[in-house]
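Residue numbers (my numbering): 5 to 457.
Ideal Cβ positions, reconstructed from N, Cα and C, are used throughout, including at glycine.
Every value quoted in this text rests on a predicted model; they were computed, and no experiment measured them.
Read through the structure below, which is laid out as structure tokens, and then see the notes.
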């Protein structure tokens, strides 16, 4: 059989420009656009990103793995980007925060990648997982306390978005007050708005101040461990890795929490599988990671030389986007999307290969423990609006719920004696060996047969 790609596989049809992955039309229904592209072009499709810059969107599951697992063909280093080399990517371009080269592990390959990633993974591994879950439980209860007496709330703004950043501020050793403003800046930066560059500058300046504090007064936290690591990281390298870990954890975990809660509240079969013991909460998270990954696409990879991928002729310096969401529903591996994939972690939601997300287990712990805490305290949660009134916003890389309004029986606050979640006043970061909250066996845990960790 000939392997020569058809013209339609490598270039848009005559008179039909490549589809834009940005703007109102693309953001209104990204999954619909991905399937349209798959039907027109197959596993790899020509697209346009902001500024109508050309790129390739990788739609096939196998092709995504091919890209992520062969850095000899597809580099993570944006300095290979031909459009950037030739001056077509201005400094204030919306994608600059994600594509400007920095001394960070996800933008380098080879020995330098191993050096930087080793510092990240070894520092993350020093956390006591039970200590992380105690942080999650404490902050989850504080957030719930803020709306539990009202009998109503928005599980996106009141819970899913603030929880990961509040936890991460503790893990990096920052004051609690960093969390709220970092949530705003992180969301703006990831959406690629006109103020994305300014938001990125704010995040970087905030973290630079944190590194200076930890150099002067070390603690038992990620920032200190990075500063003390045997690789002797520079301050700039530490700042960029803090930025990477915090922003990735925020966006991915907030979306995972919101998406899982939405499915629990709207999908009777999903909830029945949980209540019937056919699926544990960790299983439920993996199912959501398959069906609604926190990041729909990821920037980026750059072709080192001319090559072929999925029938498309890729040129040296071309930009490729990993299609995590379309790859997870590739008909080649999931011909029937209604079939559960319990226990199967071969989804693309945390990427794959040398650059697979190093903090995915912490993200899972935040989502798992946070959702369990919420459903334990508010067992009669129900959606407060018709399902068809739920709205999403989308950007090049992600799609998230605008709001998830719920109602429930009003209850008293502070079941574990916690204080209210921080708003603005600076506070000293608590040690990892902080006081364990009162242990209560949740009805949700009993229902699912889960043991408390």
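- Per the C-alpha coordinates, the member of 413, 414, 396 positioned closest to residue 30 is 396.
- The C-beta distance from residue 330 to residue 42 rounds to 7 Å, short enough to fall under 8 Å.
- Using a 10 angstroms sphere on the CB of residue 282, the tally of other CB atoms stays under 16, which defines it as exposed.
- Taking a 10 Å sphere around the C-beta of residue 216, we find fewer than 16 other C-beta atoms and assign the residue as exposed.
- Assigned with DSSP and collapsed to three states, residue 386 falls in strand.
- Per DSSP, the unbroken beta strand (DSSP E) holding residue 53 starts and ends at 48-53.
- Looking at 45, 141, 38, 54, the one whose alpha-carbon comes closest to that of residue 26 is 54.
- With fewer than 16 other Cβ atoms from the protein chains shown falling within 10 Å of its own Cβ, residue 341 counts as exposed.
- Three or more Cβ pairs closer than 8 Å define a contact, and the segment 223-240 meets that threshold against the segment 116-123.
- Nearest neighbour of residue 161 by Cα position, chosen from 188, 401, 242, turns out to be 188.
- Collapsing the DSSP output to three states places residue 90 in coil.
- Taking one beta carbon from each stretch, the segment 322-336 and the segment 291-310 have 3 or more pairs nearer than 8 Å; the two touch.
- Comparing alpha-carbon positions, the option among 352, 190, 137 lying closest to residue 294 turns out to be 352.
- Under the three-state reduction of DSSP output, residue 343 falls in the coil class, being neither helix nor strand.
- Minimum Cα-Cα distance from residue 383 among the listed residues 407, 398, 414, 392 corresponds to 414.
- Contact check for residue 201 and residue 100: beta-carbon distance about 6 Å, within the 8 Å limit, so the pair qualifies.
- Non-local C-beta neighbours of residue 133 in its own chain, meaning closer than 7 Å and more than five positions away in sequence, comprise 369, ordered along the chain.
- Around the beta carbon of residue 91, fewer than 16 other beta carbons sit within 10 angstroms, so the residue counts as exposed.
- Here DSSP, grouped into helix, strand and coil, assigns residue 136 to helix.
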